[in-house]
Amino acid sequence: MELKEIASHFALTNEISEIESLGTGLINDTYRIKTVAPDAPDYVLQRINQNIFKDVALMQNNIQRITNHIRHKLQERNENDLERKTLTIIPTKNGKSYYYDGENYWRVTIFIKDSKTYEQITPEFAHLTGIAFGEFQYFLSDLSGEPLGATIPDFHNMPFRIQQLKEAIQNNAVNRLAKVQSIVNELLSREEEMCLAERLYKEGKLPKRIAHCDTKVNNMLFDKDGNFLCVIDLDTTMPGFVLSDFGDFIRTAGNTGEEDDKNLNNISVNMDIFKEFARGYIQSAKAFLTPIEISLLPFSGQMMTYMQTIRFLADYINGDTYYKIKYPEHNYQRTLAQLTLLHSIDAHLEEMNQWIDSLLK
-15 MELKEIASHF
-5 ALTNEISEIE
5 SLGTGLINDT
15 YRIKTVAPDA
25 PDYVLQRINQ
35 NIFKDVALMQ
45 NNIQRITNHI
55 RHKLQERNEN
65 DLERKTLTII
75 PTKNGKSYYY
85 DGENYWRVTI
95 FIKDSKTYEQ
105 ITPEFAHLTG
115 IAFGEFQYFL
125 SDLSGEPLGA
135 TIPDFHNMPF
145 RIQQLKEAIQ
155 NNAVNRLAKV
165 QSIVNELLSR
175 EEEMCLAERL
185 YKEGKLPKRI
195 AHCDTKVNNM
205 LFDKDGNFLC
215 VIDLDTTMPG
225 FVLSDFGDFI
235 RTAGNTGEED
245 DKNLNNISVN
255 MDIFKEFARG
265 YIQSAKAFLT
275 PIEISLLPFS
285 GQMMTYMQTI
295 RFLADYINGD
305 TYYKIKYPEH
315 NYQRTLAQLT
325 LLHSIDAHLE
335 EMNQWIDSLL
345 K
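Residue numbers for the sequence shown follow the working numbering, so the first one is -15 and each next one is one higher.
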């Protein structure tokens, strides 16, 4: 009844039959609103996590502009089935893109019928994901007007993340520094190398564009036949480097082990995943990428894996105050796993560069 009362504030055109939990997202609470009429669309109701997304109005404005622009691009290409290839925001009865109940923020979109996500990544899906996220960036590369706002300020800002690590080291809140001193020394020795993107940006050589900032295969919807429909989970879409999206996919999907794998021998970079993702990505993104962006794509895997390593390490030194843990040394194990992946990417960097060069020929 509480959820139905929340839903009643939105401009729904169909009568509600029931509301049920949907998905396993870690950030927002998500529900499916089922409607009575068999041919009428269902809806997705979400409670927005305001601990992470501090400015809901800014985020919703971003998403509205992004979806409108992508829909316009698809119309220019005479695409059909637009309601399944873009997200459709349902406004509140007073015209807002979200509702505040005095305690929580809520939003509603149309449920995309007969759609599904995949959790497991294969080279074939890596190729499709590369095409999809390259096209997503391409569509948004000419978004005009005021720049989008940062929904999580400094989210992929390397100097900021390194400074967080240095503060954790200085505070040494729970006396864990001695155990990880050798890892700290190694990571800080690479500080200048890993701040390359921000340095090139300040020199005017590397542009900031609009990046999704959460490039995972389960952030894509497919139809029942496996055809790509649209990119979803747009909350973190904001100004950033294309390197963030490319590198984070390699970090997550290109890892042969788990992000917190206890057996470090399981962990290496999967070059088949890298090659197919890169092939798809360049296919759809090369029309707008600059030569320097393309040349830095292999480095982006290093950059994003390094960044996640220092984030896990800083949280471990701080006493596990940010990431949820399943056991006392969980963040330490995450750090070791990410560092192992970073070493593997280092070892394959020349092969990655050669593959990118071959794609351009």
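We put the CB at the ideal spot given by N, CA and C, even for glycine.
Item: Where the beta strand (DSSP E) through aspartate 207 begins and ends; Value: 204 to 207
Item: Own chain residues within Cβ distance below 6 angstroms of phenylalanine 123, not counting five before or after; Value: Ile54, Lys57
Item: For alanine 157, the nearest candidate out of Ala110, Lys18, Thr305, Phe144 (CA to CA); Value: Thr305
Item: Span separating the alpha-carbon of glutamate 67 from that of aspartate 207; Value: 13 angstroms
Item: Rounded separation between aspartate 396 and asparagine 315 - CA only; Value: The displayed coordinates of the chain run from -15 to 345. Any statement about residue 396 would go beyond what the structure contains.
Item: C-beta contact flag for valine 226 and glutamate 151 at 7 angstroms; Value: no
Item: Of the residues His196, Thr289, Met222, the one placed nearest threonine 236, counting alpha carbons only; Value: Thr289
Item: Distance between alanine 181 and aspartate 126 (C-alpha atoms, nearest Å); Value: 21 angstroms
Item: DSSP beta-bridge partners of methionine 178; Value: Note: methionine 178 sits in no beta bridge, so no partner.
Item: Straight-line gap, lysine 80 to leucine 172 (C-alpha atoms, nearest Å); Value: 46 angstroms
Item: Phenylalanine -6 versus isoleucine 96 - alpha carbon distance; Value: 18 angstroms
Item: Inter-stretch contact at 8 angstroms, needing at least 3 Cβ pairs: the region 177 to 193 / the region 211 to 220; Value: no
Item: Beta-carbon gap between methionine -15 and aspartate 219 smaller than 7 angstroms; Value: no
Item: Given 8 angstroms, three or more beta-carbon pairs between the region 262 to 271 and the region 319 to 332; Value: no
Item: DSSP bridge partner residues for tryptophan 90 (one or two, in chain order); Value: Arg31, Tyr83
Item: Between the CA atoms of asparagine 169 and isoleucine -10 - distance to the nearest angstrom; Value: 51 angstroms
Item: Sheet register partners of alanine 46 (DSSP bridge); Value: Per the sequence presented here, residue 46 reads as asparagine, with alanine not at that position. None; asparagine 46 has no bridge partner.
Item: For threonine 93 and threonine 51, the rounded distance between their alpha carbons; Value: 11 angstroms
Item: Check whether isoleucine 301 and leucine 132 have beta carbons under 7 angstroms apart; Value: no
Item: Segment contact flag, the region 247 to 265 with the region 100 to 118, C-beta cutoff 8 angstroms, min 3 pairs; Value: yes
Item: Boundaries (first-last residue) of the beta strand (DSSP E) holding arginine 160; Value: Premise fails: arginine 160 is in no beta strand (DSSP E) and is neither H nor E.
Item: Candidates Thr(-3), Glu2, Lys38, of which the one nearest alanine 24 by Cα; Value: Thr(-3)
Item: Inter-residue Cα distance where the pair is tyrosine 83 and lysine 345; Value: 51 angstroms
Item: Between the CA atoms of glycine 114 and threonine 199 - distance to the nearest angstrom; Value: 9 angstroms
Item: Helix, strand or coil at glycine 7 [DSSP, three-state]; Value: coil
Item: Close-in-space but distant-in-sequence residues of the same chain around threonine 402 (CB under 7 angstroms, 5 per side omitted); Value: As displayed, the chain neither begins before -15 nor continues past 345, which places residue 402 out of reach and without an answer.
Item: Limits of the unbroken alpha helix (DSSP H) element including proline 282; Value: 281 to 302
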